[in-house]
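Asker: Mind having a look at this structure? Questions to follow.
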Amino acid sequence: MKHSFLNMLRAGLFFEVSMLKNNKGLLFTLLARPYLVLLMLYFLYQQLQAEISPKDLVLLSLTVTGSIDVLWDIAGRGIILRMHGILPYYTVVPEGLLLSLTITFLPKYLLENLLKTLVFLPLLVIYLDLLSALEYVAGVFFLLILGLLPLIGLSMLLAGLTLMAKEESPWLDWITPIILLASGAIYPLSVLPPWLQAISRLLPTTYIVEAADMLTQHLETGGFFTSVIVAMMILTIGYNIVSASLAKRAEEKLLVRGI
45 MKHSFLNMLR AGLFFEVSML KNNKGLLFTL LARPYLVLLM LYFLYQQLQA
95 EISPKDLVLL SLTVTGSIDV LWDIAGRGII LRMHGILPYY TVVPEGLLLS
145 LTITFLPKYL LENLLKTLVF LPLLVIYLDL LSALEYVAGV FFLLILGLLP
195 LIGLSMLLAG LTLMAKEESP WLDWITPIIL LASGAIYPLS VLPPWLQAIS
245 RLLPTTYIVE AADMLTQHLE TGGFFTSVIV AMMILTIGYN IVSASLAKRA
295 EEKLLVRGI
């Protein structure tokens with residue numbers, strides 16, 4: 045089991061490095077997308093006549109793109125593997141179909157978010173000194189890693205539901221923005237309807253966005269990271285127990301129906 049897990053991580057890393065090395069367009073898109081999201085958020089806050097600092101925009105941009113990557117890429121990888129006829133081979137892996145998709149995704153998430161975080165370093169150096177910018181980048185990347193943990197189970201569940209749809213329908217293209225909207229990543233939770241605020245408390249992305257907001261205010265506080273780690277561990281255990289159980293049922297139904 046241990047060797048299988050490491051082999052899947054190694055395969056995921058090799059695949060991602062090969063894709064970025066041999067596809068310059070993909071690399072350019074990867075590095076440009078955070079800036080495009082930053083510009084979108086900047087104009088959005090301008091319309092709302094709300095003030096937001098450049099470093100807060102950087103953090104929010106990375107939080108949004110990181111959440112989308114987790115929620116979409118695992119399911120999207122399943123769709124791509126199905127289209128190429130490779131997905132059936134995942135069914136014989138001891139870890140299971142959905143968990144295998146998740147494990148092979150982890151190197152992609154870590155590598156891409158590291159690159160997306162570093163691409164903002166020149167912008168941050170303009171507003172902060174180099175040392176402060178490096179500390180901020182390290183803090184943001186640390187938060188992105190923590191934010192991944194409670195989303196794993198939810199992403200597995202979404203991947204199972206997507207594959208059960210038996211069609212390459214783009215429903216994740218509209219459900220992901222809804223999740224981000226309900227999480228307060230686009231608009232403050234206080235301006236959302238009460239029913240949407242109630243839903244937001246059930247989403248792990250809500251607490252990731254709130255932790256990102258706290259990071260901008262308490263970056264210097266040593267105890268902040270301890271509280272964030274504890275909160276994320278509690279969220280990880282709670283969400284993944286529930287989501288993994290539902291994902292397991294979805295996987296069983298998927299295997300019965302055929303992939």
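Numbered by this note's numbering, the letters in the sequence shown go through residues 45 to 303 in order. Heads up, the beta-carbon is just placed ideally off N, CA and C, and yes, glycines get one too. All figures in this text were calculated on a predicted structure; none of them were measured in a lab.
For the region 150-216, list the alpha helix (DSSP H) runs that are entirely contained and at least 4 residues long, ordered along the chain.
Answerer: Counting whole runs of 4 or more residues, the region 150-216 contains the alpha helix (DSSP H) stretches 165-171, 174-192 and 195-208.
Asker: Say the cut is 6 Å; is the CB of residue 175 nearer than that to a heavy atom of the ligand COA?
Answerer: Only the bare structure without any ligand can be found here, which leaves the ligand COA out of the picture.
Asker: Taking the C-alpha atoms as reference points, what is the distance between residue 185 and residue 86?
Answerer: Position 141 of the sequence shown holds residue 185. Position 42 of the sequence shown holds residue 86. Their Cα atoms are separated by approximately 21 Å.
Asker: Keeping to the same chain, check which residues put their C-beta closer than 7 Å to that of residue 101; ignore five residues upstream and five downstream.
Answerer: As a working note, residue 101 is residue 57 in the sequence shown. Only 82, 85 and 86 meet the Cβ criterion.
Asker: Tell me which same chain residues have a C-beta within less than 6 Å of the C-beta of residue 195, skipping the five on either side of it?
Answerer: As a first step, residue 195 is located in the sequence shown; it is residue number 151 there, counting from the start. Within the same chain, residue 195 has close Cβ partners 114 and 248.
Asker: Go to residue 138, then tell me how far its alpha helix (DSSP H) extends in each direction, as first and last residue.
Answerer: The residue labelled residue 138 in the question sits at position 94 within the sequence shown. Per DSSP, residue 138 belongs to no alpha helix (DSSP H) and is neither H nor E.
Asker: For residue 67, which of helix, strand or coil comes out of DSSP?
Answerer: On the sequence shown, position 23 is the one that residue 67 refers to. Note: residue 67 maps to coil in three-state DSSP.
Asker: For residue 95, which three-state DSSP category applies?
Answerer: Numbered from 1 along the sequence shown, position 51 holds the residue referred to as residue 95. Looking at residue 95 - three-state DSSP - the assignment turns out to be coil, as it is neither helix nor strand.
Asker: Figure out for me which residue from 287, 298, 300 and 252 has the closest Cα to the Cα of residue 105.
Answerer: Sequence index remark: in the sequence shown, residue 105 carries index 61 (1-based). Taking only the C-alpha atoms, the option nearest residue 105 is 252.
Asker: For residue 295 versus residue 204, is the C-beta spacing smaller than 7 Å?
Answerer: Looking up residue 295 in the sequence shown gives position 251. Looking up residue 204 in the sequence shown gives position 160. Yes, these two residues count as a Cβ contact at 7 Å.
Asker: For residue 137 and residue 276, what's the separation of their Cα atoms in angstroms?
Answerer: Looking up residue 137 in the sequence shown gives position 93. Looking up residue 276 in the sequence shown gives position 232. Cα to Cα, residue 137 sits roughly 29 Å from residue 276.
Asker: Would you mind working out which of 198, 62, 206 and 49 sits nearest residue 279, comparing C-alpha positions?
Answerer: In the sequence shown, the residue the question calls residue 279 occupies position 235. The shortest C-alpha separation from residue 279 is found at 198.
Asker: Would you mind working out which of 288, 77 and 298 sits nearest residue 143, comparing C-alpha positions?
Answerer: The residue labelled residue 143 in the question sits at position 99 within the sequence shown. The residue with the shortest Cα to Cα distance from residue 143 is 288.
Asker: Closer than 6 Å by C-beta to residue 57: which residues in its own chain qualify, once you throw out the five before and the five after it? Chain order, please.
Answerer: By one-based count along the sequence shown, residue 57 stands at place 13. Result list for residue 57: 151, in chain order.
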